[in-house]
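First residue of the sequence shown: 699, per this note's numbering; consecutive thereafter. For glycine and all other residues, C-beta sits at the position ideal for the given N, C-alpha and C. Model, not experiment: these values are computed from the prediction. Taking it in order: structure first as structure tokens, then the write-up.
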Amino acid sequence: MTRLNDPRGSIWRKWDLHIHTPASFHWNDGKTFEKMTEHERNKSVDKIINRMEALDVAAFGIMDYWTFDGYSIIRERVKQTSPSFSKAIFPGMELRIEAPVDFRLNIHVLLSDDLSAQKLGDFKSALRIRIGKDDRSLSNESLIEFASSLDASKAQFHGFSQKDLKDENNLLKLGSMTANVTRDSLQNAIAQLPERTALIILPYDTSNGLMKLDWKSFPSDDNYFMTSAHIFETRDSKNIDLCLGKETKENSAFIENFMKSMGGKPKPAISGSDAHKIKDYGVFPSGKVTWIKADPTFQGLLQVVNEPEERSFIGESPTKLEHVKKHPTKYIDRLEIKKNPDATVTEKWFDNELVLNPGLISIIGNKGNGKSALVDIVGLLAET
């Protein structure tokens, strides 16, 4: 992949950190990978790659249920056929985790794309599913075993008859729909990874999110998940303000308590497409587009966690971009410095192009690096 950082530095880009692939058991766009021939799989992956490349979205988080297979298949195909692929793709996993709720609490883990296949495999193996009094490493086999341990009424509730459960594919699907990972195993799996290579994204008001947990009855559980999350998934403007620690008339009575439950610091909010079809990649529900002001790298996303209000935005367009669009004459896009055709100087400084960030507020550098020259050029051209 030839993903390059922008010479202007950090700029606003669209990110979609919640997409699925045919590796997910819940896939609404034809066959899953396991049911495809090799030719069909390559054709499907090429369609995914082309869709990503055609979108104005810079980064994607592949958030398949229980597996990294979709990410691994796409990444390998990119290496083989698309060396100029310009988008960032990160490995992720959508899980359900044990919690005192009457639904299956949704939790996402997003990992660095620098992690090897071995590291991803080790992470998955460290996750545990409780089966009766025992627990087992997360795998297709353990999901099948978990499904087999359910009584007929539970299977029937999820749409499976006794006849259906004689098929391992149906058992795998039932296990995927009903299993939960243990909290301790998720903590241990993350602890085994190199530092700063894992982020927990917690759905808040989206599908089976934390907002539904009765925090009054289970305060310690609520605090556990609120403090564990690095990023929240939400599409509600009121909850976005809460995550960012922005006090409003609506939240002034309780924002202090909310901040305390998050660990005392604001956290970024995102809104992914949650696409289960290729055509839905980069299609954000209700226009709730996720914008990130950072390089399209995992390190860039870590910086957003440190500066959530300055570097994250959910909506049609960030305020700064709208201001630049409405007042183009107030911003300098670039400086082109061209030497005269008969000039004898060879220094690059006199024949150069310098692009500028609309958020530029200062110029720093060592003595003699051209700070004053740059200001003089701007002053000359602007007649100031």
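Okay, do the stretch 769 to 776 and the stretch 1002 to 1009 touch, 3+ Cβ pairs below 8 Å being the bar? no
Per DSSP, what are the beta-bridge partners of Pro695 in this structure? Only positions 699 to 1082 of the chain appear in the structure, and residue 695 is not among them; the question remains open.
Cα-Cα separation between Lys670 and Val1043, rounded to whole angstroms: Within the shown structure, residues of the chain are numbered from 699 to 1082, placing residue 670 beyond reach of any answer.
If you check the beta carbons only, do Ile644 and Ile929 fall under 7 Å apart? Residue 644 cannot be examined here, being either before or after the span of the chain that is shown, 699 to 1082.
Between Phe758, Phe766, Leu1079, which lies nearest to Ile1035 when the distance is taken from Cα to Cα? Leu1079
Thr925 to Met960 span [Cα, whole Å]: 5 Å
Less than 7 Å between the beta carbons of Lys871 and Phe723, yes or no? yes
Segment contact, 8 Å Cβ cut-off, at least three pairs: the stretch 978 to 985 with the stretch 747 to 759: yes
What residues match up with Thr988 in a beta bridge as DSSP calls it? Ile1012
What's the call for Lys733, buried or exposed, on a 16-neighbour Cβ count within 10 Å? exposed
Could you give the residue range of the beta strand (DSSP E) that holds Phe930? For Phe930, the enclosing beta strand (DSSP E) covers residues 929 to 931.
Are three or more beta carbon pairs between the stretch 822 to 830 and the stretch 910 to 923 nearer than 8 Å? no
Could you check if Met924 belongs to the surroundings of the ligand HEM, using beta carbon to heavy atom distance under 6 Å? Absence of the ligand HEM is noted for the structure shown, with no ligands found whatsoever.
So, does the CB of Asp714 fall closer than 7 Å to a CB anywhere in chain D? Among the chains of the structure shown, chain D does not appear; only one protein chain is present.
For Lys975, does the three-state DSSP call read helix, strand or coil? coil
With C-beta atoms as the reference, is Leu911 less than 7 Å away from Asp903? no
Can you give me the Cβ contacts of Asn1050 inside the same chain, cut-off strictly under 6 Å, excluding the 5 residues immediately before and after it? Ile1035
Closest to Arg706 by CA distance: which of Asn1067, Ala1071, Ile1059, Val807 is it? Ile1059
Local Cβ density within 10 Å of Thr1017, reported as buried at 16 or more and exposed below that: exposed
Over the uninterrupted beta strand (DSSP E) stretch that includes Val1053, give me the two end residues. 1050 to 1053
Candidates Ser814, Glu893, Asn740, Asp762: closest to Gly790 by CA position: Asp762
Mind the definition here: the stretch 849 to 865 touches the stretch 890 to 898 only if three or more C-beta pairs lie below 8 Å; say whether that holds. The stretch 849 to 865 makes no contact with the stretch 890 to 898: fewer than 3 CB pairs, one atom from each, lie closer than 8 Å.
On a CA-only basis, which of Lys1023, Ala757, Leu841, Phe956 is nearest Leu808? Give me that one, please. Closest option to Leu808, Cα to Cα, is Ala757.
Distance, Cα to Cα, Gly873 vs Ile709? 42 Å
With a threshold of 8 Å, are at least 3 pairs of Cβ atoms found where one atom belongs to the stretch 799 to 813 and the other to the stretch 836 to 844? no
Using a threshold of 7 Å, state whether the C-beta atoms of Leu1056 and Val1022 are closer than that. For the record, residue 1056 in the displayed sequence is Pro; it is not Leu. Contact flag set, yes.
From what residue to what residue does the alpha helix (DSSP H) around Ile1062 run? Counting along the chain, Ile1062 falls outside any alpha helix (DSSP H), and DSSP gives it neither H nor E.
Backbone secondary structure at Val799 - three-state DSSP: coil
Could you please give the first and the last residue of the uninterrupted beta strand (DSSP E) stretch that includes Ser835? 832 to 835
For the alpha helix (DSSP H) that contains Ile938, what are its first and last residues? 935 to 942
Would you report the Cα separation of Glu738 and His718, rounded to the nearest angstrom? So the alpha carbons of these two residues sit roughly 17 Å apart.
Buried/exposed call for Ser883, threshold 16 Cβ in 10 Å: Of the residues assessed, Ser883 falls on the buried side of the cut-off, its CB having 16 or more other CB atoms within 10 angstroms.
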